[in-house]
Every structure is written in structure tokens, then in C-alpha cells.
Amino acid sequence: SVAQFTVIQEGTITASLGGSVRLPCSRSDGSVVGSNQPTWVYQALGSVPKGLVGSDATNHNIKPPGISDRLTGSISGGSAVLSIINVQAADDGEYYCVLWTGSACTVLQTHTKLNK
79 SVAQFTVIQE GTITASLGGS VRLPCSRSDG SVVGSNQPTW VYQALGSVPK
129 GLVGSDATNH NIKPPGISDR LTGSISGGSA VLSIINVQAA DDGEYYCVLW
179 TGSACTVLQT HTKLNK
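Be aware that the sequence shown starts at 79, since it is given in our numbering, and climbs by one per residue.
Here it is as C-alpha cells:
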């Protein structure tokens with residue numbers, strides 16, 4: 079059977095231009111682990127979603143071409159974390175965390191809105 083749990087993210091996070099910010103993502107039934115392969119998806123207002131960065135089972139980053147080095151995905155303290163350094167105005171938007179369950183991805187149930 080497919081594991082069922084809720085993806086938990088903070089509702090809104092405010093960051094300062096040029097500063098850094100961490101967006102956490104956890105699961106309702108325990109810790110995020112490497113086999114969940116957390117992946118972050120970004121959506122700007124009025125735009126289509128865009129894959130940003132994922133973490134593989136050994137916690138290495140996987141990024142599509144063209145994704146900034148300012149973004150790093152990791153697993154820390156039982157949560158997935160998207161770290162953004164040197165925050166830019168263009169980082170404004172909604173960030174979705176997707177966790178793999180082994181046979182299917184969880185439904186995107188929550189997201190974090192980042193305000194610069």
C-alpha cells in the first residue's frame with residue numbers, strides 16, 4: 079500500500095533582500111529521510127510551477143539546468159530544508175515540497191509563501 083501522510087510547511091516566511099532564508103518541510107508521521115528524495119517546486123504569481131532542487135537518497139543536490147547556486151536542498155534534523163542565500167526580489171512566490179513515498183508522490187497539500 080502507498081504510505082499516507084501530510085506534508086507540513088510553514089505558511090509564510092519573510093526574508094530580507096540580500097539575506098538568507100531556510101524553508102523547512104516535514105511529514106506528519108515522522109522524519110523526512112533520504113529515501114523520500116525531497117524535491118522543491120517554485121511558482122511565481124501567474125506563472126507555471128518550476129522544479130528547483132531535489133535531494134537524492136544520499137542527500138546530494140539534483141538541480142535542473144539554469145537553477146541558481148543560491149538554492150540548496152538538504153535534509154536536516156528530520157526535515158527537508160530549502161536554503162536560499164542572497165535573497166532576490168525574484169525569489170518572491172510559493173514553494174512546494176514534494177516527498178517520495180516509494181511508489182507514488184504525495185499530493186501537494188501545503189506550501190510556503192516567501193515574501194522578500
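By construction, the Cβ of each residue, glycine as well, lies at the ideal position given by its N, Cα and C atoms.
Rounded separation between residue i and residue j - CA only
i: Leu149; j: Ser161; result: 6 Å
i: Asn114; j: Gly180; result: 7 Å
i: Trp118; j: Lys141; result: 10 Å
i: Thr136; j: Gly124; result: 34 Å
i: Ile145; j: Val131; result: 8 Å
i: Val176; j: Val85; result: 8 Å
i: Ala167; j: Leu95; result: 7 Å
i: Ser133; j: Thr92; result: 24 Å
i: Thr90; j: Ser104; result: 15 Å
Bounding residues of the beta strand (DSSP E) (the contiguous stretch that carries residue i)
i: Gly151; result: 149–154
Residues near residue i in its chain [Cβ-Cβ closer than 6 Å; skip 5 each side]
i: Gln82; result: none
i: Lys128; result: Tyr120
i: Leu186; result: Caution applies to Leu186, whose pLDDT of 48 falls short of 50 and renders its modelled position unreliable; the value that the coordinates give is listed next. Excluding sequence neighbours, Leu186 sits near Tyr174.
i: Ile163; result: Ser98, Arg148
i: Trp178; result: Asn114, Gln115
i: Asn193; result: Thr92
Per-residue DSSP class, three states only, for residue i
i: Ser109; result: coil
i: Ala122; result: coil
i: Asn139; result: strand
Sequence-distant residues of the same chain with beta carbon closer than 8 Å to residue i, five excluded per side
i: Val126; result: none
Do the segment 141–157 and the segment 109–118 meet, that is, are 3 or more Cβ pairs less than 8 Å apart? yes
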